[in-house]
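Numbering (this note's numbering), first residue to last: 77 to 548.
Written out as structure tokens, the structure reads:
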């Protein structure tokens, strides 16, 4: 919350006269003391995440995919103090716990850039439907983290699929749906215990059918042109709000005593985007809609981090590359509504071939459990079409590329010395339907061990209920 420090108050009239006489200035009134500068707390809900306990761990004899296009046979990786300490073929670590990975594969933890776990939690009831604040077209003031239910069993199931981090967004009913948040996939009591430390916030936007369908009968936009007018007005208002705070700061620095502008939580989030502090993740299917949003982006000088779904990304892959925008896509989910009609199975590899940032996402509490298989489908569809990537290159679609899109690549998303030890040991080639995540490490701590069911985290709703008097 914004805190204002009170000034020490005005001097009494007698003191004012005495002071004026003392300095010989002849002023009848002393200048009012400058009030304390009003500064908005940009992180009112800080992460309280704490890593799991860990011990030095050496994983040996694996086929390693590093998440940035590299592959190494008979590799060893040393995890120590929550970080990747060493990578090579011959690592000495006499005090480390040794895990023999012969015949197994090691990869970075999977990152899902588009999830609604916790805001549309299971069991799927109206009580758990907290993803869309469908009350007005622009609801930038709301934050997804204030709807997330950490007991959602989907988090544990995603962990069993090798997902170590995920990005949770509001739904797509609104032109601007609110802030999104990146979390570590370690379910805890409250969401702040899961928040990825220092990860930038995102802001969800949506174009096309969803906003006009939701608001067409509510007095909001009912057409695509109405949608665009709504975005533009919101950005124009945010620019004015930003200028008012800039003027306040300039006047204060000049020694004046200005009054701080009134806070507006909607405009505060939008202004955060304009200041490059918040990343835009925009639900868009059609190529023409994405092209229009690139125009709006350039008009108001902000950056779109991702187009979510981007079913027609292949049509404008060159424009995505030119404008540094990632396309976050399904492997083969399309055709379920008109704007999703013109999808093709080669979408992801075609976007990647154009040197654009291609990402495989889930948008599903079930798809998130097998993102490795979703990436494998896109990889094989590309190969059949003559778009030839290595498996190691394709694995970046679920590791380093999502990390870059979320602003966390310096910390995670690849197996590199010094990065967070977010690591998955697979029983076999992770692009095989027969492969399973055997061990999942987050910051070097063992978060999931398939061989030890007694250690699996269980949600209350997976335990069942007992009748009255049955407690022992």
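Where is the CB? At the ideal position from N, CA and C, for every residue including glycine. Values in this document were obtained by computation on a predicted structure and should not be read as measured data.
What does the Cβ neighbour count give for residue i, buried or exposed, with the cut at 16 atoms within 10 Å?
{"i": "residue 499", "result": "buried"}
{"i": "residue 445", "result": "buried"}
{"i": "residue 540", "result": "exposed"}
{"i": "residue 341", "result": "exposed"}
{"i": "residue 113", "result": "exposed"}
{"i": "residue 534", "result": "exposed"}
{"i": "residue 171", "result": "exposed"}
{"i": "residue 388", "result": "buried"}
{"i": "residue 118", "result": "exposed"}
{"i": "residue 222", "result": "exposed"}
{"i": "residue 380", "result": "buried"}
Classify residue i as helix, strand or coil using the three-state DSSP reduction.
{"i": "residue 222", "result": "helix"}
{"i": "residue 509", "result": "coil"}
{"i": "residue 525", "result": "strand"}
{"i": "residue 128", "result": "coil"}
{"i": "residue 188", "result": "strand"}
{"i": "residue 382", "result": "strand"}
{"i": "residue 358", "result": "strand"}
{"i": "residue 36", "result": "Because the chain spans 77 through 548 in this model, residue 36 falls outside it and cannot be assessed."}
{"i": "residue 518", "result": "strand"}
{"i": "residue 212", "result": "coil"}
{"i": "residue 271", "result": "strand"}
{"i": "residue 535", "result": "coil"}
{"i": "residue 169", "result": "coil"}
{"i": "residue 345", "result": "helix"}
{"i": "residue 248", "result": "coil"}
{"i": "residue 455", "result": "helix"}
{"i": "residue 448", "result": "helix"}
{"i": "residue 104", "result": "The pLDDT assigned to residue 104 is 39, lower than 50, so where the model puts this residue is not dependable; a value taken from the coordinates is nonetheless given after this. The answer is coil: DSSP assigns residue 104 none of H, G, I, E or B."}
{"i": "residue 295", "result": "coil"}
{"i": "residue 471", "result": "helix"}
{"i": "residue 530", "result": "helix"}
{"i": "residue 389", "result": "helix"}
Would you list the residues sitting across from residue i in a DSSP beta bridge?
{"i": "residue 496", "result": "159"}
{"i": "residue 255", "result": "219, 279"}
{"i": "residue 502", "result": "181, 513"}
{"i": "residue 196", "result": "205"}
{"i": "residue 461", "result": "According to DSSP, residue 461 bridges with nothing at all."}
{"i": "residue 164", "result": "152"}
{"i": "residue 434", "result": "403"}
{"i": "residue 147", "result": "141"}
{"i": "residue 260", "result": "241"}
Which stretch, first to last residue, makes up the beta strand (DSSP E) that contains residue i?
{"i": "residue 423", "result": "No beta strand (DSSP E) contains residue 423, which is instead part of the alpha helix (DSSP H) from 423-429."}
{"i": "residue 137", "result": "133-141"}
{"i": "residue 241", "result": "239-244"}
{"i": "residue 404", "result": "402-405"}
{"i": "residue 175", "result": "173-176"}
Looking at the unbroken alpha helix (DSSP H) that takes in residue i, where does it start and where does it end?
{"i": "residue 316", "result": "300-329"}
{"i": "residue 288", "result": "285-291"}
{"i": "residue 480", "result": "476-481"}
{"i": "residue 616", "result": "Look at the range of the chain in this structure, 77 to 548, and you will see that residue 616 is not part of it."}
{"i": "residue 412", "result": "Counting along the chain, residue 412 falls outside any alpha helix (DSSP H), and DSSP gives it neither H nor E."}
{"i": "residue 365", "result": "363-376"}
{"i": "residue 418", "result": "Here residue 418 belongs to no alpha helix (DSSP H), and DSSP marks it neither H nor E."}
{"i": "residue 442", "result": "Per DSSP, residue 442 belongs to no alpha helix (DSSP H) and is neither H nor E."}
{"i": "residue 340", "result": "Unbroken run through residue 340: none, as it is neither H nor E."}
{"i": "residue 394", "result": "393-398"}
{"i": "residue 110", "result": "That residue, residue 110, is in no alpha helix (DSSP H); it is neither H nor E in DSSP."}
{"i": "residue 230", "result": "229-236"}
{"i": "residue 336", "result": "Per DSSP, residue 336 belongs to no alpha helix (DSSP H) and is neither H nor E."}
{"i": "residue 485", "result": "It is not in any alpha helix (DSSP H) - residue 485 carries neither H nor E in the DSSP assignment."}
Might you give, ordered along the chain, the residues of its own chain that have their beta carbon closer than 6 Å to the beta carbon of residue i, omitting 5 neighbours on each side?
{"i": "residue 162", "result": "154"}
{"i": "residue 186", "result": "238, 239, 447, 474"}
{"i": "residue 174", "result": "134"}
{"i": "residue 399", "result": "370"}
{"i": "residue 190", "result": "384, 404, 437, 439"}
Go through its chain and collect everything with a Cβ distance to residue i's Cβ below 8 Å, but skip five positions before and after it.
{"i": "residue 536", "result": "227"}
{"i": "residue 164", "result": "151, 152"}
{"i": "residue 218", "result": "209, 246, 253, 254, 255"}
{"i": "residue 394", "result": "430, 432"}
{"i": "residue 421", "result": "407, 408, 453, 454, 457"}
Among residues of its own chain, excluding the 5 on either side of residue i, which ones have a beta-carbon nearer than 7 Å to its beta-carbon?
{"i": "residue 538", "result": "229"}
{"i": "residue 178", "result": "137"}
{"i": "residue 436", "result": "405, 407, 424, 447, 450, 451, 454, 473, 474"}
{"i": "residue 479", "result": "187, 485, 488, 489"}
{"i": "residue 334", "result": "324, 327, 328"}
{"i": "residue 372", "result": "304, 307, 308"}
{"i": "residue 410", "result": "387, 416, 419"}
Any heavy atom of the ligand GDP within a distance shorter than 7 Å of the CB on residue i?
{"i": "residue 379", "result": "Within the structure as shown, the ligand GDP is missing, as the structure has no ligands at all."}
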